[in-house]
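K.L.:
Numbering (the working numbering), first residue to last: 14 to 468.
Ideal Cβ placement from N, Cα and C applies to all residues, glycine included.
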(Lines of atoms letter the chains of each structure in order from A; the text may use other names.)
(Lines give C-alpha, C1' and ligand atoms only; values in the text may rest on other atoms or scores of the structure.)
Protein backbone atom coordinates (compact mmCIF):
# COMPACT_ATOMS: atom_id res chain seq x y z
CA UNK A 14 0.00 0.00 0.00
CA UNK A 15 1.35 3.41 -0.90
CA UNK A 16 1.98 6.10 1.71
CA UNK A 17 -0.87 8.15 0.21
CA UNK A 18 -3.25 5.18 0.45
CA UNK A 19 -2.27 4.60 4.07
CA UNK A 20 -3.01 8.22 5.00
CA UNK A 21 -6.41 7.98 3.32
CA UNK A 22 -7.32 4.66 4.92
CA UNK A 23 -6.48 5.63 8.50
CA UNK A 24 -9.05 8.47 8.85
CA UNK A 25 -11.67 6.30 7.18
CA UNK A 26 -10.95 3.49 9.64
CA UNK A 27 -11.18 5.89 12.60
CA UNK A 28 -14.49 7.23 11.36
CA UNK A 29 -15.85 3.71 11.02
CA UNK A 30 -14.71 2.84 14.57
CA UNK A 31 -16.31 6.00 15.97
CA UNK A 32 -19.58 5.20 14.22
CA UNK A 33 -19.54 1.66 15.56
CA UNK A 34 -18.88 2.93 19.08
CA UNK A 35 -21.70 5.46 18.84
CA UNK A 36 -24.09 2.71 17.84
CA UNK A 37 -22.92 0.41 20.61
CA UNK A 38 -23.09 2.99 23.40
CA UNK A 39 -26.40 4.16 24.93
CA UNK A 40 -27.77 7.21 23.21
CA UNK A 41 -27.37 10.55 24.94
CA UNK A 42 -30.32 12.24 26.60
CA UNK A 43 -32.61 14.01 24.20
CA UNK A 44 -33.47 16.61 26.83
CA UNK A 45 -33.80 20.08 25.39
CA UNK A 46 -35.31 23.53 25.70
CA UNK A 47 -37.78 24.45 22.99
CA UNK A 48 -38.72 27.93 21.84
CA UNK A 49 -42.37 26.89 22.00
CA UNK A 50 -42.17 25.87 25.68
CA UNK A 51 -44.43 28.12 27.74
CA UNK A 52 -43.36 29.68 31.03
CA UNK A 53 -46.04 31.56 32.97
CA UNK A 54 -48.16 32.00 29.88
CA UNK A 55 -45.43 33.22 27.52
CA UNK A 56 -43.34 31.16 25.12
CA UNK A 57 -39.60 30.97 25.70
CA UNK A 58 -39.06 32.65 22.35
CA UNK A 59 -41.47 35.53 23.05
CA UNK A 60 -40.04 36.11 26.53
CA UNK A 61 -36.49 35.92 25.26
CA UNK A 62 -35.40 33.56 28.03
CA UNK A 63 -31.97 31.99 27.78
CA UNK A 64 -31.77 28.20 27.89
CA UNK A 65 -30.13 28.47 31.30
CA UNK A 66 -33.37 29.85 32.74
CA UNK A 67 -35.54 27.06 31.34
CA UNK A 68 -36.03 23.41 32.32
CA UNK A 69 -34.14 20.98 30.11
CA UNK A 70 -36.40 17.95 29.59
CA UNK A 71 -36.85 15.10 27.16
CA UNK A 72 -40.59 14.37 26.96
CA UNK A 73 -42.83 15.77 24.25
CA UNK A 74 -45.64 17.00 26.51
CA UNK A 75 -45.54 18.36 30.05
CA UNK A 76 -47.29 20.59 32.55
CA UNK A 77 -46.60 21.93 36.05
CA UNK A 78 -49.28 23.74 38.08
CA UNK A 79 -49.77 24.41 41.78
CA UNK A 80 -52.73 24.11 44.14
CA UNK A 81 -53.70 27.74 43.47
CA UNK A 82 -53.96 27.06 39.74
CA UNK A 83 -50.74 28.89 38.83
CA UNK A 84 -49.33 27.29 35.68
CA UNK A 85 -45.54 27.48 35.71
CA UNK A 86 -44.58 25.42 32.71
CA UNK A 87 -46.17 23.89 29.61
CA UNK A 88 -44.90 21.89 26.69
CA UNK A 89 -47.53 21.02 24.09
CA UNK A 90 -49.95 20.88 27.00
CA UNK A 91 -53.08 20.85 24.84
CA UNK A 92 -52.03 18.22 22.31
CA UNK A 93 -54.17 15.10 22.47
CA UNK A 94 -52.27 11.92 23.22
CA UNK A 95 -52.53 8.52 24.89
CA UNK A 96 -51.70 8.43 28.60
CA UNK A 97 -51.48 4.66 29.18
CA UNK A 98 -51.85 3.62 32.84
CA UNK A 99 -52.23 7.19 34.07
CA UNK A 100 -55.83 6.37 33.13
CA UNK A 101 -56.00 4.43 36.40
CA UNK A 102 -56.03 7.69 38.37
CA UNK A 103 -59.45 8.43 36.90
CA UNK A 104 -60.46 4.83 37.60
CA UNK A 105 -59.62 5.38 41.28
CA UNK A 106 -61.44 8.73 41.40
CA UNK A 107 -64.56 7.32 39.75
CA UNK A 108 -64.62 4.26 42.01
CA UNK A 109 -64.40 6.41 45.15
CA UNK A 110 -67.16 8.70 43.96
CA UNK A 111 -69.53 5.84 43.22
CA UNK A 112 -68.82 3.25 45.92
CA UNK A 113 -67.67 2.96 49.53
CA UNK A 114 -64.27 1.60 50.51
CA UNK A 115 -65.83 -1.57 51.91
CA UNK A 116 -67.53 -2.41 48.59
CA UNK A 117 -66.70 -5.98 47.53
CA UNK A 118 -64.69 -6.21 44.32
CA UNK A 119 -64.83 -9.58 42.57
CA UNK A 120 -62.13 -10.73 40.15
CA UNK A 121 -63.59 -12.30 37.01
CA UNK A 122 -61.83 -14.52 34.47
CA UNK A 123 -61.70 -11.52 32.17
CA UNK A 124 -59.99 -9.39 34.82
CA UNK A 125 -57.53 -12.11 35.83
CA UNK A 126 -56.45 -12.82 32.25
CA UNK A 127 -56.01 -9.26 30.97
CA UNK A 128 -52.21 -9.43 31.19
CA UNK A 129 -49.52 -6.76 30.98
CA UNK A 130 -48.98 -5.15 34.40
CA UNK A 131 -50.91 -7.04 37.08
CA UNK A 132 -51.39 -7.25 40.84
CA UNK A 133 -51.34 -11.07 40.69
CA UNK A 134 -55.08 -11.33 41.27
CA UNK A 135 -56.73 -14.63 40.39
CA UNK A 136 -60.19 -15.43 39.09
CA UNK A 137 -62.53 -15.89 42.04
CA UNK A 138 -60.61 -13.57 44.36
CA UNK A 139 -62.62 -11.01 46.29
CA UNK A 140 -61.32 -7.93 48.07
CA UNK A 141 -62.59 -4.64 49.35
CA UNK A 142 -62.41 -1.56 47.16
CA UNK A 143 -59.81 -0.17 49.56
CA UNK A 144 -57.52 -3.15 48.87
CA UNK A 145 -58.36 -3.09 45.16
CA UNK A 146 -57.16 0.52 44.94
CA UNK A 147 -53.78 -0.60 46.26
CA UNK A 148 -53.65 -3.29 43.57
CA UNK A 149 -54.63 -0.67 41.00
CA UNK A 150 -52.22 2.11 41.95
CA UNK A 151 -49.07 0.44 43.32
CA UNK A 152 -48.16 -2.12 40.64
CA UNK A 153 -50.51 -0.58 38.04
CA UNK A 154 -52.68 -3.67 38.02
CA UNK A 155 -54.75 -4.01 34.88
CA UNK A 156 -56.50 -6.93 36.59
CA UNK A 157 -57.51 -4.65 39.44
CA UNK A 158 -58.73 -1.98 36.99
CA UNK A 159 -61.11 -4.38 35.24
CA UNK A 160 -62.28 -5.92 38.51
CA UNK A 161 -63.07 -2.48 39.94
CA UNK A 162 -64.86 -1.37 36.77
CA UNK A 163 -66.95 -4.53 36.59
CA UNK A 164 -67.86 -4.56 40.30
CA UNK A 165 -68.53 -0.85 40.81
CA UNK A 166 -70.20 -0.66 37.40
CA UNK A 167 -72.55 -3.49 38.43
CA UNK A 168 -73.42 -1.64 41.61
CA UNK A 169 -74.14 1.51 39.62
CA UNK A 170 -76.46 -0.33 37.22
CA UNK A 171 -78.27 -2.06 40.08
CA UNK A 172 -78.87 1.30 41.77
CA UNK A 173 -80.56 2.43 38.54
CA UNK A 174 -82.70 -0.68 38.39
CA UNK A 175 -80.82 -1.88 35.28
CA UNK A 176 -79.55 -5.35 34.40
CA UNK A 177 -76.09 -5.93 35.89
CA UNK A 178 -75.59 -9.51 34.70
CA UNK A 179 -73.41 -8.59 31.70
CA UNK A 180 -69.85 -7.82 32.81
CA UNK A 181 -69.16 -5.86 29.63
CA UNK A 182 -72.18 -3.64 30.25
CA UNK A 183 -71.03 -3.10 33.83
CA UNK A 184 -67.57 -2.08 32.67
CA UNK A 185 -69.05 0.27 30.07
CA UNK A 186 -71.25 1.89 32.70
CA UNK A 187 -68.14 2.52 34.76
CA UNK A 188 -66.22 3.96 31.80
CA UNK A 189 -69.17 6.26 31.06
CA UNK A 190 -68.95 7.46 34.65
CA UNK A 191 -65.20 8.08 34.20
CA UNK A 192 -65.96 10.42 31.32
CA UNK A 193 -68.74 12.16 33.24
CA UNK A 194 -66.41 12.69 36.18
CA UNK A 195 -63.61 13.94 33.93
CA UNK A 196 -65.90 16.55 32.38
CA UNK A 197 -67.18 17.65 35.79
CA UNK A 198 -63.69 18.43 37.13
CA UNK A 199 -62.62 20.45 34.11
CA UNK A 200 -60.86 17.85 31.96
CA UNK A 201 -62.19 19.42 28.80
CA UNK A 202 -60.21 17.44 26.25
CA UNK A 203 -60.16 13.85 27.50
CA UNK A 204 -61.94 10.64 26.51
CA UNK A 205 -61.60 7.31 28.32
CA UNK A 206 -62.60 4.04 26.68
CA UNK A 207 -61.40 1.53 29.30
CA UNK A 208 -60.37 1.58 32.97
CA UNK A 209 -56.70 0.64 32.48
CA UNK A 210 -55.29 2.64 29.57
CA UNK A 211 -54.14 -0.24 27.33
CA UNK A 212 -54.13 0.86 23.70
CA UNK A 213 -52.71 -2.15 21.84
CA UNK A 214 -54.04 -5.52 20.62
CA UNK A 215 -57.79 -5.67 21.16
CA UNK A 216 -57.78 -2.13 22.57
CA UNK A 217 -55.94 -0.56 19.63
CA UNK A 218 -59.09 0.60 17.88
CA UNK A 219 -60.64 2.21 20.93
CA UNK A 220 -60.83 5.99 20.85
CA UNK A 221 -59.04 7.44 23.88
CA UNK A 222 -57.02 10.55 24.55
CA UNK A 223 -56.14 13.21 27.07
CA UNK A 224 -53.73 16.16 27.34
CA UNK A 225 -51.01 17.22 29.74
CA UNK A 226 -53.27 20.02 30.97
CA UNK A 227 -56.09 17.60 31.72
CA UNK A 228 -53.76 15.14 33.43
CA UNK A 229 -52.47 17.91 35.71
CA UNK A 230 -56.08 18.81 36.52
CA UNK A 231 -56.80 15.17 37.31
CA UNK A 232 -53.75 14.87 39.57
CA UNK A 233 -54.75 17.93 41.57
CA UNK A 234 -58.25 16.56 42.00
CA UNK A 235 -57.01 13.08 42.95
CA UNK A 236 -54.65 14.44 45.60
CA UNK A 237 -57.65 16.11 47.20
CA UNK A 238 -58.84 12.61 48.08
CA UNK A 239 -57.02 11.30 51.14
CA UNK A 240 -57.83 7.71 50.18
CA UNK A 241 -55.80 8.05 46.97
CA UNK A 242 -52.96 10.13 48.43
CA UNK A 243 -52.49 7.62 51.26
CA UNK A 244 -51.80 4.91 48.67
CA UNK A 245 -49.78 6.80 46.06
CA UNK A 246 -47.46 8.29 48.67
CA UNK A 247 -46.41 4.82 49.86
CA UNK A 248 -43.79 2.68 48.14
CA UNK A 249 -46.01 -0.37 48.05
CA UNK A 250 -47.25 -2.69 50.79
CA UNK A 251 -49.63 -5.57 51.39
CA UNK A 252 -52.89 -6.12 49.54
CA UNK A 253 -55.24 -8.57 51.27
CA UNK A 254 -57.62 -10.73 49.21
CA UNK A 255 -59.93 -13.61 49.96
CA UNK A 256 -58.91 -16.62 47.88
CA UNK A 257 -60.53 -20.06 48.11
CA UNK A 258 -62.06 -19.12 51.45
CA UNK A 259 -58.78 -17.93 53.01
CA UNK A 260 -57.25 -14.50 53.44
CA UNK A 261 -54.12 -14.09 51.35
CA UNK A 262 -51.57 -11.27 51.54
CA UNK A 263 -49.97 -10.12 48.29
CA UNK A 264 -46.79 -8.03 48.53
CA UNK A 265 -46.94 -5.20 46.00
CA UNK A 266 -44.39 -2.58 44.99
CA UNK A 267 -45.07 0.86 43.58
CA UNK A 268 -43.86 1.66 40.08
CA UNK A 269 -42.98 5.19 41.28
CA UNK A 270 -39.20 5.25 41.63
CA UNK A 271 -39.17 8.69 43.25
CA UNK A 272 -40.85 7.59 46.47
CA UNK A 273 -38.32 7.71 49.27
CA UNK A 274 -35.72 9.43 47.14
CA UNK A 275 -37.15 12.92 46.57
CA UNK A 276 -38.38 15.34 49.22
CA UNK A 277 -42.14 15.78 49.30
CA UNK A 278 -43.09 13.30 46.58
CA UNK A 279 -46.71 12.09 46.77
CA UNK A 280 -46.89 9.83 43.72
CA UNK A 281 -49.03 9.70 41.55
CA UNK A 282 -48.93 7.23 38.63
CA UNK A 283 -46.65 5.87 35.94
CA UNK A 284 -47.68 4.74 32.48
CA UNK A 285 -46.22 3.20 29.36
CA UNK A 286 -47.33 1.79 26.04
CA UNK A 287 -45.59 1.97 22.69
CA UNK A 288 -48.24 4.50 21.61
CA UNK A 289 -48.09 6.68 24.73
CA UNK A 290 -44.36 6.48 25.42
CA UNK A 291 -43.04 6.73 28.97
CA UNK A 292 -45.33 8.82 31.17
CA UNK A 293 -45.56 9.96 34.76
CA UNK A 294 -48.29 11.96 36.48
CA UNK A 295 -46.90 13.57 39.61
CA UNK A 296 -47.58 15.41 42.83
CA UNK A 297 -45.07 16.94 45.22
CA UNK A 298 -45.50 19.00 48.39
CA UNK A 299 -42.54 20.96 49.76
CA UNK A 300 -43.15 23.23 52.75
CA UNK A 301 -46.84 23.46 51.94
CA UNK A 302 -46.28 24.39 48.29
CA UNK A 303 -47.94 21.56 46.37
CA UNK A 304 -47.21 20.99 42.69
CA UNK A 305 -49.12 18.79 40.25
CA UNK A 306 -48.18 17.84 36.75
CA UNK A 307 -47.07 15.27 34.28
CA UNK A 308 -44.52 14.34 31.69
CA UNK A 309 -45.95 12.46 28.70
CA UNK A 310 -44.40 10.69 25.72
CA UNK A 311 -40.89 10.37 27.10
CA UNK A 312 -38.25 8.15 25.54
CA UNK A 313 -37.12 6.11 28.55
CA UNK A 314 -38.33 4.73 31.84
CA UNK A 315 -35.67 6.56 33.84
CA UNK A 316 -36.09 9.71 31.76
CA UNK A 317 -39.68 10.26 32.87
CA UNK A 318 -38.49 10.51 36.49
CA UNK A 319 -35.52 12.69 35.56
CA UNK A 320 -37.84 15.04 33.66
CA UNK A 321 -40.19 15.19 36.64
CA UNK A 322 -37.49 16.07 39.18
CA UNK A 323 -36.02 18.58 36.73
CA UNK A 324 -39.39 20.35 36.55
CA UNK A 325 -39.94 20.21 40.31
CA UNK A 326 -36.42 21.49 41.08
CA UNK A 327 -36.76 24.27 38.51
CA UNK A 328 -40.15 25.39 39.84
CA UNK A 329 -39.14 25.43 43.49
CA UNK A 330 -35.86 27.14 42.64
CA UNK A 331 -37.67 30.02 40.95
CA UNK A 332 -40.30 30.42 43.68
CA UNK A 333 -38.73 33.07 45.90
CA UNK A 334 -39.74 35.09 48.94
CA UNK A 335 -40.08 38.77 48.03
CA UNK A 336 -40.14 41.28 50.95
CA UNK A 337 -42.80 43.95 50.63
CA UNK A 338 -40.68 46.65 52.28
CA UNK A 339 -37.58 48.04 50.60
CA UNK A 340 -36.63 51.44 51.97
CA UNK A 341 -33.60 53.19 53.44
CA UNK A 342 -35.66 55.63 55.55
CA UNK A 343 -36.89 55.04 59.06
CA UNK A 344 -38.45 56.62 62.13
CA UNK A 345 -36.88 54.98 65.14
CA UNK A 346 -37.05 51.25 64.40
CA UNK A 347 -39.91 51.62 61.93
CA UNK A 348 -39.16 51.61 58.20
CA UNK A 349 -40.78 54.49 56.35
CA UNK A 350 -42.50 53.43 53.12
CA UNK A 351 -44.48 56.62 52.41
CA UNK A 352 -45.14 60.16 53.48
CA UNK A 353 -48.81 61.06 53.74
CA UNK A 354 -50.00 64.65 53.50
CA UNK A 355 -51.77 66.04 56.55
CA UNK A 356 -54.62 68.05 55.12
CA UNK A 357 -55.02 70.19 58.25
CA UNK A 358 -51.46 71.48 57.90
CA UNK A 359 -49.70 73.47 55.21
CA UNK A 360 -46.97 71.40 53.63
CA UNK A 361 -46.80 68.84 56.48
CA UNK A 362 -46.55 65.06 56.11
CA UNK A 363 -46.63 62.10 58.45
CA UNK A 364 -44.22 59.20 58.00
CA UNK A 365 -46.04 55.95 57.25
CA UNK A 366 -44.99 52.34 57.58
CA UNK A 367 -46.88 49.08 57.05
CA UNK A 368 -48.59 46.96 59.68
CA UNK A 369 -46.08 44.12 59.25
CA UNK A 370 -42.70 45.46 58.04
CA UNK A 371 -41.35 41.88 57.79
CA UNK A 372 -44.13 40.71 55.46
CA UNK A 373 -43.12 38.93 52.26
CA UNK A 374 -44.93 37.22 49.42
CA UNK A 375 -43.87 34.17 47.45
CA UNK A 376 -43.45 34.96 43.77
CA UNK A 377 -42.23 33.08 40.73
CA UNK A 378 -39.31 35.16 39.57
CA UNK A 379 -39.75 34.42 35.84
CA UNK A 380 -43.29 35.87 35.95
CA UNK A 381 -41.86 39.38 35.89
CA UNK A 382 -40.95 42.18 38.22
CA UNK A 383 -43.09 43.58 41.02
CA UNK A 384 -44.81 46.97 40.93
CA UNK A 385 -46.77 48.85 43.59
CA UNK A 386 -49.63 51.30 43.81
CA UNK A 387 -50.76 53.25 46.87
CA UNK A 388 -54.02 54.83 47.95
CA UNK A 389 -53.80 57.36 50.79
CA UNK A 390 -56.22 58.38 53.51
CA UNK A 391 -54.96 61.86 54.38
CA UNK A 392 -55.58 62.80 58.04
CA UNK A 393 -57.24 66.13 58.84
CA UNK A 394 -56.33 66.39 62.52
CA UNK A 395 -54.18 64.76 65.15
CA UNK A 396 -52.35 61.59 64.08
CA UNK A 397 -51.24 58.82 66.43
CA UNK A 398 -48.68 56.17 65.53
CA UNK A 399 -50.60 53.16 64.23
CA UNK A 400 -53.47 55.13 62.70
CA UNK A 401 -54.47 53.78 59.30
CA UNK A 402 -53.36 55.98 56.39
CA UNK A 403 -54.20 53.87 53.31
CA UNK A 404 -52.76 50.80 51.68
CA UNK A 405 -50.22 49.58 49.15
CA UNK A 406 -51.20 47.03 46.51
CA UNK A 407 -48.49 44.94 44.87
CA UNK A 408 -48.66 43.48 41.37
CA UNK A 409 -46.64 41.05 39.29
CA UNK A 410 -47.35 40.79 35.58
CA UNK A 411 -50.55 42.83 36.16
CA UNK A 412 -51.81 40.29 38.72
CA UNK A 413 -52.38 41.41 42.32
CA UNK A 414 -50.08 39.44 44.62
CA UNK A 415 -50.35 41.27 47.98
CA UNK A 416 -51.79 44.18 49.93
CA UNK A 417 -50.39 45.98 52.97
CA UNK A 418 -52.07 48.57 55.20
CA UNK A 419 -50.30 51.89 55.61
CA UNK A 420 -50.15 53.09 59.21
CA UNK A 421 -48.60 56.13 60.83
CA UNK A 422 -45.04 55.59 62.06
CA UNK A 423 -45.12 58.69 64.28
CA UNK A 424 -47.42 61.08 66.10
CA UNK A 425 -48.38 64.41 64.55
CA UNK A 426 -50.26 67.02 66.57
CA UNK A 427 -53.25 68.83 65.12
CA UNK A 428 -52.68 72.52 64.32
CA UNK A 429 -53.15 74.84 67.32
CA UNK A 430 -55.53 77.81 67.30
CA UNK A 431 -53.04 80.31 65.92
CA UNK A 432 -51.59 77.70 63.50
CA UNK A 433 -55.08 77.15 62.10
CA UNK A 434 -55.65 80.90 61.63
CA UNK A 435 -52.33 81.24 59.81
CA UNK A 436 -53.08 78.24 57.55
CA UNK A 437 -56.57 79.64 56.85
CA UNK A 438 -55.11 82.96 55.86
CA UNK A 439 -52.49 81.37 53.61
CA UNK A 440 -55.14 79.36 51.80
CA UNK A 441 -57.36 82.39 51.49
CA UNK A 442 -54.57 84.09 49.57
CA UNK A 443 -53.85 81.04 47.40
CA UNK A 444 -51.06 79.41 49.40
CA UNK A 445 -50.66 76.94 52.25
CA UNK A 446 -51.79 73.91 50.33
CA UNK A 447 -51.61 70.47 51.94
CA UNK A 448 -48.50 68.43 51.18
CA UNK A 449 -48.58 65.75 48.48
CA UNK A 450 -48.58 62.10 49.58
CA UNK A 451 -45.93 59.90 48.02
CA UNK A 452 -44.23 56.51 48.29
CA UNK A 453 -40.58 56.05 49.17
CA UNK A 454 -40.80 52.26 49.20
CA UNK A 455 -38.99 50.57 46.32
CA UNK A 456 -39.74 47.41 44.33
CA UNK A 457 -36.32 46.09 43.27
CA UNK A 458 -36.00 44.10 40.07
CA UNK A 459 -36.40 40.36 40.52
CA UNK A 460 -34.99 39.49 37.13
CA UNK A 461 -32.43 41.76 35.54
CA UNK A 462 -33.32 41.43 31.88
CA UNK A 463 -30.07 42.96 30.76
CA UNK A 464 -28.14 40.07 32.29
CA UNK A 465 -30.59 37.17 32.28
CA UNK A 466 -32.47 37.31 29.01
CA UNK A 467 -31.38 36.39 25.54
CA UNK A 468 -30.39 39.17 23.18
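With distances taken from CA atoms, which of 90, 450, 46 and 447 is nearest residue 227?
P.N.:
90
K.L.:
Using the three-state DSSP reduction, which class does residue 205 fall into: helix, strand or coil?
P.N.:
coil
K.L.:
Using DSSP bridges, identify the partner residues of residue 318.
P.N.:
Answer is none; residue 318 lacks a bridge partner.
K.L.:
Looking at the structure shown, is residue 93 part of a helix, part of a strand, or coil, going by DSSP?
P.N.:
coil
K.L.:
Throw me the rounded Cβ distance for the residue 157 and residue 148 pair, which I believe falls under 8 Å.
P.N.:
4 Å
K.L.:
Hey, how far is the Cα of residue 350 from the Cα of residue 367?
P.N.:
7 Å
K.L.:
What is the rounded straight-line gap between the Cα of residue 410 and the Cα of residue 54?
P.N.:
11 Å
K.L.:
Could you name each continuous beta strand (DSSP E) segment of 3 residues or more that falls completely within the region 67-136, going from the start of the chain to the end?
P.N.:
74-79, 84-88 and 117-119
K.L.:
Could you pull the start and end residues of the beta strand (DSSP E) that residue 459 belongs to?
P.N.:
That residue, residue 459, is in no beta strand (DSSP E); it is neither H nor E in DSSP.
K.L.:
Grouping DSSP H, G and I as helix and E and B as strand, with all else coil, what is residue 173?
P.N.:
Residue state for residue 173 is assigned as coil, using DSSP reduced to three classes.
K.L.:
How would you call residue 378, buried or exposed, if buried means at least 16 neighbouring beta carbons within 10 angstroms?
P.N.:
buried
K.L.:
Using the Cβ count rule (16 or more neighbours within 10 Å means buried), how would you classify residue 333?
P.N.:
exposed
K.L.:
If we require 3 or more residues per run, which beta strand (DSSP E) segments fall completely within the region 386-430?
P.N.:
Restricted to the region 386-430, the beta strand (DSSP E) segments that are unbroken, complete and at least 3 residues in length are 401-409 and 412-421, listed in chain order.
K.L.:
Pick helix, strand or coil for residue 183, following the three-state DSSP scheme.
P.N.:
Secondary structure at residue 183: helix, using DSSP grouped into helix, strand and coil.
K.L.:
What first and last residue would you give for the alpha helix (DSSP H) that runs through residue 333?
P.N.:
First-last for residue 333: 332-336, but that is the beta strand (DSSP E), not the alpha helix (DSSP H).
K.L.:
Assign residue 111 to one of two classes, buried (16 or more other C-beta atoms within 10 Å of its C-beta) or exposed (fewer than that).
P.N.:
Counting of Cβ neighbours within 10 angstroms places residue 111 among the buried residues, the total reaching 16 or more.
K.L.:
Would you decide whether residue 376 is buried or exposed? Buried here means 16 or more other CB atoms lie within 10 Å of its CB.
P.N.:
buried
K.L.:
Please classify residue 64: does DSSP put it in a helix, a strand, or coil?
P.N.:
helix
K.L.:
Is the distance from the Cβ of residue 139 to the Cβ of residue 261 below 8 Å?
P.N.:
Against a cut-off of 8 Å, the Cβ pair of residue 261 and residue 139 comes out as no contact.
K.L.:
Beta-carbon separation of residue 391 and residue 450 under 8 Å?
P.N.:
yes
K.L.:
Compute the beta-carbon to beta-carbon distance between residue 192 and residue 204, rounded to the nearest angstrom, for a pair I have assumed lies under 8 Å.
P.N.:
7 Å
K.L.:
How would you call residue 364, buried or exposed, if buried means at least 16 neighbouring beta carbons within 10 angstroms?
P.N.:
Around the beta carbon of residue 364, a 10 Å sphere encloses 16 or more other beta carbons of the protein chains shown; the residue is thus reported as buried.
K.L.:
What whole-angstrom Cβ distance do residue 252 and residue 163 have, given they're in contact under 8 Å?
P.N.:
Rounded, the Cβ-Cβ distance is 18 Å, inconsistent with contact.
K.L.:
Between which two residues does the beta strand (DSSP E) containing residue 232 stretch?
P.N.:
From DSSP, residue 232 is part of no beta strand (DSSP E) but of the alpha helix (DSSP H) over 225-235.
K.L.:
Can you list, in chain order, the residues of its chain whose CB lies under 6 Å from that of residue 452, leaving out five sequence neighbours each side?
P.N.:
351 and 387
K.L.:
Determine the closest residue to residue 74 out of 298, 195 and 320, with distance taken between C-alpha atoms.
P.N.:
It is 320 whose Cα lies nearest to the Cα of residue 74.
K.L.:
Run the CB neighbour count on residue 346, radius 10 Å, all protein chains shown included, and call it buried at 16 or more, exposed below.
P.N.:
exposed
K.L.:
Got a sec? Which residues, its chain only, sit under 8 Å from residue 121 by beta carbon, not counting five neighbours each side?
P.N.:
Correct list, in chain order: 136, 159, 160, 163 and 180.
K.L.:
With which residues is residue 352 paired in a DSSP beta bridge?
P.N.:
Looking at the DSSP assignment, residue 352 forms a beta bridge with 364 and 451.
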